[in-house]
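Numbering (the numbering used here), first residue to last: 1089 to 1283.
Just below is one structure, and these are the notes that go with it.
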């Protein structure tokens, strides 16, 4: 039986994904980032690690057939389908303190808070920071070393499909940043479907 959820703009979702199942994350309206974190179901110390993934793959961009790795270098997810091809592996989840520093806004909704809420249902404690795979986020590293976040390349209906290589608990946040090009200056929903 398929399971499907729509994450409202600026909110989050937590769910379980069993080994062998595939999840589809869809950008409903286009140009919306989805912060994606995952933990091993029976050992929360093991989690999806974008830095380890870059190290193991020797690259910044993934393609279908590539593995996403845990912090202990174990295969966690396989990229099955990717309709966009541009995601972010280097930026931490946005958090209220970030909005204060960058935009002078207090108590702003954040992916850090959304992911914490989504994972609390599974008794996963809040980490000091989340380091997600930021699906659809278009981070550009320039030859000068400058890093800019540009408008996502995802169009309405574009999606990524990931297959679980172990039993997982996953959280996804529809990023609440409308202050920059990160989400094309507006926030919109994300669809999640277990295939």
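For every residue, glycine included, the Cβ atom is placed at its ideal position computed from N, Cα and C.
One thing to note: residue 1257 has its Cβ no nearer than 8 angstroms to the Cβ of residue 1090. DSSP, read as helix, strand or coil, puts residue 1138 in helix. Straight-line spacing of the CA atoms in residue 1118 and residue 1208 works out to 29 angstroms.
In the DSSP assignment, residue 1118 is bridged to 1243.
Here the alpha carbons of residue 1110 and residue 1283 stand approximately 5 angstroms from one another. Nearest Cα to residue 1139 within the set 1152, 1153, 1161, 1127: 1161. Boundaries of the alpha helix (DSSP H) around residue 1208: 1199 to 1208.
In the DSSP secondary-structure assignment, residue 1163 is bridged to 1157.
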